[in-house]
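Chains as they are written, first to last, in the numbering used here: chain A, 165 to 524; chain B, 165 to 524. Beta carbons: idealized from backbone N, C-alpha and C, even for Gly. Encoded as structure tokens, the structure appears first; notes follow it.
There are 2 protein chains.
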Amino acid sequence: MRVHLVGTGLIGTSLGLALTRHGDEVTLEDAVPTHAALARDLGAGRLPGPDEVLEPDLVVVAAPPDVTAGCVVAALARFPGAAVTDVASVKGSVLAAVRASGAELARYCGSHPMAGRERSGAVSGRHDLFDGRAWVVTPTPETLPEVTALVSDVARAAGAAVRRLPPAEHDRAVAAVSHVPQLAASLVAARLEALDEAAVALAGQGLRDVTRIAESDPHLWTQILAGNAGAVREVLDGLAADLGAVVDALAALEAGADAPGARGTLATTIAAGNAGHARIPGKHGAAPTIYETVRVLVPDEPGQLGRLFADIGEIGTNIEEFHLDHGLGQDFGLAEVDVVPAAAAGLADALATRGWRIHG
Amino acid sequence: MRVHLVGTGLIGTSLGLALTRHGDEVTLEDAVPTHAALARDLGAGRLPGPDEVLEPDLVVVAAPPDVTAGCVVAALARFPGAAVTDVASVKGSVLAAVRASGAELARYCGSHPMAGRERSGAVSGRHDLFDGRAWVVTPTPETLPEVTALVSDVARAAGAAVRRLPPAEHDRAVAAVSHVPQLAASLVAARLEALDEAAVALAGQGLRDVTRIAESDPHLWTQILAGNAGAVREVLDGLAADLGAVVDALAALEAGADAPGARGTLATTIAAGNAGHARIPGKHGAAPTIYETVRVLVPDEPGQLGRLFADIGEIGTNIEEFHLDHGLGQDFGLAEVDVVPAAAAGLADALATRGWRIHG
């Protein structure tokens with residue numbers, strides 16, 4: 165397959181690396197020619213010759229969200245025999261702009277690989293960035309079936325698991341599972357900016373988890389949120405209404421009202437969170453699995469966590485999840501080892517026998 | 165030291181186990197006598213004899229937040245020679261109620277061990293629940309210095325790191341670092357309740373992190389939030405104002421406005437989250453440390469993660485953080501191993517030599 169990549173940042177370069185390994189013929193271009201040259205040097209594909217006429221089977225636009233639609237329209241015009249896709253994390257606004265341009269929609273099928281890294285640029289590209297990740301393809305009624313099939317094949321060739329959704333459904337989904345969580349993390353983290361040192365010192369694992377993605381890039385996220393403004397606003401409207409009810413309930417309690425309704429609002433809010441959380445699938449997109457957690461105290465000395473790893477390896481229990489939680493002000497951490505319930509007691513006993521302090 | 169525990173749930177029982185191991189003389193009572201008997205059977209202390217006159221040095225009230233103040237007032241009256249503390253996660257409202265009762269404040273010093281488990285009750289109690297956790301003590305101007313010292317000694321005897329804060333400052337701190345993050349996690353998770361199966365299937369690690377604590381108990385959290393209504397409402401007011409600005413910006417962009425101000429609002433929101441997140445201390449309450457992450461693909465087969473642990477153990481690199489992220493629809497996970505920057509390349513090379521696929 166001949167694939168032409170427009171845009172050689174993190175996603176474009178990673179896709180070039182993956183498809184080159186897969187045996188496809190990949191050509192590269194970027195608005196900044198030195199970026200394309202760097203991606204070539206990294207092994208993501210080749211640069212077209214000065215007078216070469218490209219005849220790709222598929223053009224993949226991997227440009228920032230704001231310029232994606234323009235690149236798609238240009239590619240549809242420039243390569244009349246090619247299918248065209250893009251990889252922007254918003255789909256409806258890109259489609260609307262492509263449609264408004266009068267471009268030929270039959271050869272266009274938007275898509276969205278749900279993969280990324282905290283670093284950007286060609287130099288951060290990895291051939292296995294898409295391994296095991298969802299890659300959503302979003303054909304329209306105008307899209308030719310063979311175009312959708314081609315885009316899906318390329319996503320699978322890159323190692324991804326293809327999911328098919330209409331563009332608007334994709335946008336509503338990522339608004340709820342990605343864009344609103346990002347905003348919530350940022351809004352909670354922003355409250356820490358003006359806090360006393362003594363107050364932030366009380367930060368625990370809960371806060372760390374809620375705000376981990378608050379490290380994200382403002383420039384990229386402005387484009388993503390602006391490109392999905394309608395769907396994000398809709399989810400936020402629901403969230404803001406719930407938040408308003410909580411604020412009203414707290415104000416009623418503050419005013420000293422007996423306020424059984426206010427307490428009911430608080431309880432309902434936390435319970436609705438329980439119900440929503442229970443809907444998040446477990447690993448590999450399967451239904452959530454309940455594991456048992458074996459907690460082990462790990463002294464914060466060189467080699468101690470390594471010794472734990474070695475011991476667990478020798479014991480041979482299959483670990484489903486592993487998380488290390490550092491304590492505050494003392495020299496050890498708490499390792500949480502999740503295993504299937506039947507294996508928990510055996511692992512805990514075997515570790516205790518080897519001298520580990522089991523913590524629950 | 166003679167310590168009398170009022171309330172033998174998770175916190176009371178854990179404290180009894182810790183202090184008994186430490187060599188203190190612990191007596192137990194609970195509003196439900198069979199609960200106290202269970203805590204005794206677990207080794208958390210002894211039950212007083214039927215006619216025994218207790219003369220404890222310290223009484224620790226470990227009851228639910230809603231009944232804490234009443235128990236503190238009763239303990240101050242019943243044990244005129246004892247210091248009294250409580251372990252509720254809210255301090256100002258407990259103090260206000262104790263003060264309003266006319267009780268003797270000199271012998272009372274509130275406190276808050278920042279420790280817990282997702283399970284409750286005596287049977288979940290652990291002697292090492294407080295190991296390395298912060299335990300905030302919140303004396304008032306009326307509190308005798310020796311009472312504050314006694315409460316601090318007991319917290320340290322249980323393994324905790326003592327932090328001293330005025331009650332109102334404690335409440336403002338936990339509003340920002342614990343109570344508002346809990347609400348944000350619940351509010352985000354609640355948006356998933358009505359989502360299509362195909363939409364929740366796109367859930368990634370970001371959503372999982374943001375909503376992990378949305379599993380919390382509505383009954384307990386209603387009491388905590390109601391008990392800290394003022395401080396939580398204040399933080400939420402700031403958050404709601406920021407959220408309102410985001411909603412307005414999205415509405416302006418939706419309306420097709422060119423809206424440079426709207427994009428500026430989105431960028432500022434994410435950037436403020438960056439700045440707030442950077443204030444969260446690293447492990448052991450130290451300044452945040454930047455680690456390098458070595459990413460390793462782990463096939464989802466029995467023993468593979470164990471083999472990785474064994475290999476890392478043999479290589480001997482000290483691991484600072486470890487996180488396992490499962491892919492979607494494919495049979496492996498991505499292990500993220502954080503190490504000091506100087507050790508990253510060596511660990512990656514050594515793992516690659518042993519046949520592991522390094523992913524970045």
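Can you tell which of the options has the C-alpha that lies nearest to the C-alpha of residue i?
i: residue 380(A); options: 264(B), 330(B), 440(B) and 400(B); result: 440(B)
i: residue 376(B); options: 165(A), 442(A), 191(A) and 262(A); result: 442(A)
i: residue 408(A); options: 285(B), 166(B) and 398(B); result: 398(B)
i: residue 181(B); options: 239(B), 207(B) and 191(B); result: 207(B)
i: residue 341(B); options: 459(A), 346(A), 351(A) and 265(A); result: 351(A)
i: residue 345(A); options: 336(B), 343(B), 355(B) and 339(B); result: 355(B)
i: residue 485(A); options: 475(A), 473(A) and 501(A); result: 501(A)
i: residue 473(B); options: 455(B), 284(B), 499(B) and 261(B); result: 499(B)
i: residue 393(A); options: 188(A), 255(A), 234(A) and 178(A); result: 255(A)
i: residue 293(B); options: 224(B), 215(B) and 179(B); result: 179(B)
i: residue 325(B); options: 333(B), 316(B) and 396(B); result: 316(B)
i: residue 223(B); options: 209(B), 246(B) and 431(B); result: 246(B)
i: residue 235(A); options: 168(A), 277(A) and 210(A); result: 168(A)
i: residue 539(B); options: 522(B), 455(B) and 487(B); result: Any property of residue 539(B) remains undetermined from this structure, which presents chain B solely from 165 to 524.
i: residue 333(B); options: 303(A), 417(A) and 366(A); result: 366(A)
i: residue 362(A); options: 430(B), 211(B) and 327(B); result: 327(B)
i: residue 298(A); options: 309(A), 329(A), 313(A) and 314(A); result: 329(A)
Can you name the residues of chain B whose CB is closer than 9 Å to the CB of residue i?
i: residue 486(A); result: 469, 473, 486, 487, 488 and 499
Is any beta-carbon of chain A found at less than 8 Å from that of residue i?
i: residue 186(B); result: no
i: residue 433(B); result: yes
i: residue 491(B); result: Reliability fails at residue 491(B), whose pLDDT of 47 lies under 50, so the model's placement of it is uncertain and the value that follows must be treated cautiously. Yes, residue 491(B) counts as interfacial toward chain A.
i: residue 506(B); result: no
i: residue 205(B); result: no
i: residue 227(B); result: no
i: residue 292(B); result: yes
i: residue 380(B); result: yes
i: residue 199(B); result: no
i: residue 181(B); result: no
Show which residues of chain B have a CB atom less than 8 Å away from the CB atom of residue i.
i: residue 345(A); result: 352, 370, 371, 374 and 375
i: residue 481(A); result: 470
i: residue 401(A); result: 411
i: residue 286(A); result: In chain order: nothing, as chain B lies at least about 14 Å away.
So, is the C-beta of residue i closer than 8 Å to a C-beta in chain B?
i: residue 192(A); result: no
i: residue 318(A); result: no
i: residue 477(A); result: yes
i: residue 444(A); result: yes
i: residue 520(A); result: no
i: residue 265(A); result: no
i: residue 425(A); result: no
i: residue 209(A); result: no
i: residue 166(A); result: no
i: residue 513(A); result: no
Any idea if residue i is buried or exposed, counting beta-carbon neighbours within 10 angstroms, 16 or more meaning buried?
i: residue 383(A); result: exposed
i: residue 217(A); result: exposed
i: residue 428(B); result: exposed
i: residue 505(A); result: exposed
i: residue 492(B); result: In this predicted model, residue 492(B) has a pLDDT of only 44, less than 50, meaning its place in the structure is not dependable; the value taken from the coordinates is given anyway. With 16 or more other Cβ atoms within 10 Å, it is buried.
i: residue 244(B); result: exposed
i: residue 481(B); result: buried
i: residue 360(A); result: exposed
i: residue 242(A); result: exposed
i: residue 196(A); result: exposed
i: residue 306(A); result: exposed
i: residue 451(B); result: Confidence in residue 451(B) is poor, its pLDDT being 48 and thus under 50, which makes the residue's placement too unreliable to answer from.
i: residue 260(A); result: exposed
i: residue 519(A); result: exposed
At 7 Å on the CB atoms, spell out the chain B contacts of residue i, in chain order.
i: residue 329(A); result: 362
With residue i and residue j assumed to form a contact (beta carbons below 8 Å), what rounded beta-carbon distance in angstroms separates them?
i: residue 353(A); j: residue 289(A); result: Rounded, the Cβ-Cβ distance is 28 Å, inconsistent with contact.
i: residue 176(A); j: residue 226(A); result: 3 Å
i: residue 237(B); j: residue 286(B); result: Not really, about 24 Å apart at Cβ, beyond 8 Å.
i: residue 232(A); j: residue 200(A); result: Actually they are not in contact, since the Cβ atoms of residue 232(A) and residue 200(A) sit about 17 Å apart, beyond 8 Å.
i: residue 248(B); j: residue 271(B); result: 6 Å
i: residue 348(A); j: residue 404(B); result: Wrong, their Cβ atoms sit about 12 Å apart, outside the cutoff.
i: residue 276(B); j: residue 185(B); result: With a Cβ gap of about 22 Å, residue 276(B) and residue 185(B) do not count as contacting.
i: residue 460(B); j: residue 521(B); result: 7 Å
i: residue 395(A); j: residue 335(A); result: 4 Å
Chain A partners of residue i, CB-CB under 8 Å?
i: residue 356(B); result: 340, 341, 440, 441, 443 and 444
i: residue 396(B); result: 414
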